[in-house]
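These notes are about the structure you will find just below.
Protein chains in written order, with our numbering: chain A, 14 to 165; chain B, 205 to 397.
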């Protein structure tokens, strides 16, 4: 070991080399990160009520097989509203809102929001290519309800 | 905005969280900027394609936006985000496993390496990265988290990796030694700077 090999023997130097290397080979793109932060904060509706997961078929489960659907139920603290979803691995979503909502139901992804048509029993079918999404209920004159973000 | 950002730069995570909770978008941006690297480092310690890594990052940051004001001690947000990011990666692995077993008999390529980019990489950088990937999972995660800027507190790194606080220093030294011993880096070492 000669003196000119010292730098890489220095732990702090090696960490610095590692840090600069990872910044180059695995960069977090600035424009992407900027867009994510901005969209994430915009999606945060200060007046909305977060509907938490009550039941999740995936909880504690291992790998899903190709036909498996993930069954999820969301609800609020006051038992006023409940949303049940069956999410397929390809992104198909079948759901029911109880009680039948009077307002608009939307599928929200990091890219934006689209309205979902519901039938007179509160049922709906939709699909998404997004990895993460949530269901948002908006009723005029009432608070907005949003499920937690769901990763399919 | 620049002036506002400068004013926010000195605030603690707790102060930023309080301001962001009442709708201060600049405070949120500063808070999220300060912790985003932790999420990215955790995600990149798994072999994911770039698009999947970015999906996991977005999902973790959206969850942070929803939950930062529910985290009792906002100074612990880095640890919370590290765990959330790891959960998002696991969620992606669950669906990829399904793809491997069914649609794609040769298996999904789970490798963040982009060939074109790789060709442009400096030799040392390639050597460092490939050497890093040969280390144990714990070493890879620890070394990546140690490169997060700003740094993640040792205490939270310890909790995330389930390592006693006092062992992080010695483990760091051991992992760096293991990195140095990788043949690709040895070659670089021998050629000298």
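Quick reminder that beta carbons are idealized off the backbone N, C-alpha and C, glycines included. All values derive from a computational prediction rather than experimental measurement.
TODO: Please check if any C-beta of chain B sits within less than 8 Å of the C-beta of residue 28 of chain A.
DONE: By one-based count along the first chain, residue 28 of chain A stands at place 15. True, the Cβ-Cβ gap to chain B drops below 8 Å.
Open item on the list: Check whether chain B comes within 8 Å of residue 110 of chain A, counting only Cβ atoms and requiring the distance to be less than that.
Closed with: For the purposes of this step, residue 110 of chain A is taken as the residue at position 97 of the first chain. Interface residue (Cβ-Cβ distance to chain B less than 8 Å): residue 110 of chain A is not classified as such.
Task: Straight-line Cα distance separating residue 160 of chain A from residue 45 of chain A - done: Looking up residue 45 of chain A in the first chain gives position 32. Looking up residue 160 of chain A in the first chain gives position 147. Computed Cα separation, rounded: 25 Å.
TODO: Answer yes or no: does any C-beta atom of chain B fall closer than 8 Å to that of residue 39 of chain A?
DONE: Counted from its first residue, the first chain places residue 39 of chain A at position 26. Judged by the 8 Å Cβ criterion, residue 39 of chain A is in contact with chain B.
Open item on the list: Tell me the rounded alpha-carbon separation between residue 134 of chain A and residue 157 of chain A.
Closed with: Within the first chain, residue 134 of chain A is the residue found at index 121, counting from 1. Within the first chain, residue 157 of chain A is the residue found at index 144, counting from 1. When rounded, the distance between both Cα atoms is 20 Å.
Task: Where the alpha helix (DSSP H) through residue 102 of chain A begins and ends - done: Here the question's residue 102 of chain A lines up with position 89 in the first chain. It is not in any alpha helix (DSSP H) - residue 102 of chain A carries neither H nor E in the DSSP assignment.
TODO: Check whether the Cβ atoms of residue 272 of chain B and residue 235 of chain B sit closer than 8 Å, and answer yes or no.
DONE: The residue you call residue 272 of chain B lines up with position 68 of the second chain. The residue you call residue 235 of chain B lines up with position 31 of the second chain. Yes, the Cβ-Cβ distance between residue 272 of chain B and residue 235 of chain B is below 8 Å.
Task: Reduced DSSP secondary structure (H/G/I, E/B, other) of residue 327 of chain B - done: Working through the second chain from its first residue, we reach residue 327 of chain B at position 123. Per DSSP, reduced to three states, the secondary structure at residue 327 of chain B is helical.
- [ ] Go ahead and label residue 25 of chain A buried or exposed: buried means 16 or more other beta carbons lie within 10 angstroms of its beta carbon, across all protein chains shown.
- [x] If you number the first chain from 1, residue 25 of chain A lands on position 12. By the beta-carbon neighbour count (other beta carbons within 10 angstroms, threshold 16), residue 25 of chain A is exposed.
- [ ] Can you check DSSP and say which residues form a bridge with residue 83 of chain A?
- [x] In the first chain, residue 83 of chain A corresponds to position 70, counting from 1. In the DSSP output, where bridge partners are listed per residue, residue 83 of chain A has A/100.
- [ ] Excluding the 5 residues preceding and the 5 following residue 242 of chain B in the sequence, name in chain order all residues of the same chain whose CB lies nearer than 6 Å to its CB.
- [x] Counting from one through the second chain, the residue named residue 242 of chain B turns up at place 38. Result list for residue 242 of chain B: 282, 285, 286, 352, 356, in chain order.
Task: Neighbour flag for residue 98 of chain A against chain B, beta carbons, 8 Å - done: The residue given as residue 98 of chain A occupies position 85 in the first chain. Judged by the 8 Å Cβ criterion, residue 98 of chain A is not in contact with chain B.
Open item on the list: Taking 8 Å as the threshold (beta carbon to beta carbon), is residue 345 of chain B in contact with chain A?
Closed with: For the purposes of this step, residue 345 of chain B is taken as the residue at position 141 of the second chain. False, the Cβ-Cβ gap to chain A never drops below 8 Å.
Task: CB contact flag (residue 136 of chain A, residue 100 of chain A, <8 Å) - done: Locating residue 136 of chain A in the first chain gives position 123, where the first residue counts as 1. Locating residue 100 of chain A in the first chain gives position 87, where the first residue counts as 1. No. Outside cutoff.
Task: Same chain, Cβ closer than 7 Å to residue 367 of chain B, neighbours up to 5 away in sequence not counted - done: If you number the second chain from 1, residue 367 of chain B lands on position 163. The residues are 375.
Task: Nearest-angstrom beta carbon gap, residue 57 of chain A and residue 269 of chain B [assumed within contact, 8 Å] - done: Here the question's residue 269 of chain B lines up with position 65 in the second chain. Here the question's residue 57 of chain A lines up with position 44 in the first chain. Contact between residue 269 of chain B and residue 57 of chain A holds: their C-beta atoms lie close to 5 Å from each other, under 8 Å.
TODO: Could you give the DSSP three-state label for residue 341 of chain B: helix, strand or coil?
DONE: Against the second chain, residue 341 of chain B aligns to sequence position 137. It is helical.
- [ ] Examine chain B for any beta-carbon lying closer than 8 Å to the beta-carbon of residue 69 of chain A, and answer yes or no.
- [x] For this step, residue 69 of chain A is matched to residue 56 along the first chain. Not one chain B Cβ lies under 8 Å of residue 69 of chain A.
Task: Simplified DSSP state of residue 62 of chain A, which is helix, strand or coil - done: Against the first chain, residue 62 of chain A aligns to sequence position 49. Reduced to three states, the DSSP call for residue 62 of chain A is strand.
- [ ] Please report how far the alpha carbon of residue 221 of chain B lies from the alpha carbon of residue 90 of chain A, in whole angstroms.
- [x] Here residue 221 of chain B is taken as the residue at index 17 of the second chain, counted from 1. Here residue 90 of chain A is taken as the residue at index 77 of the first chain, counted from 1. So the two alpha carbons sit approximately 24 Å from each other.
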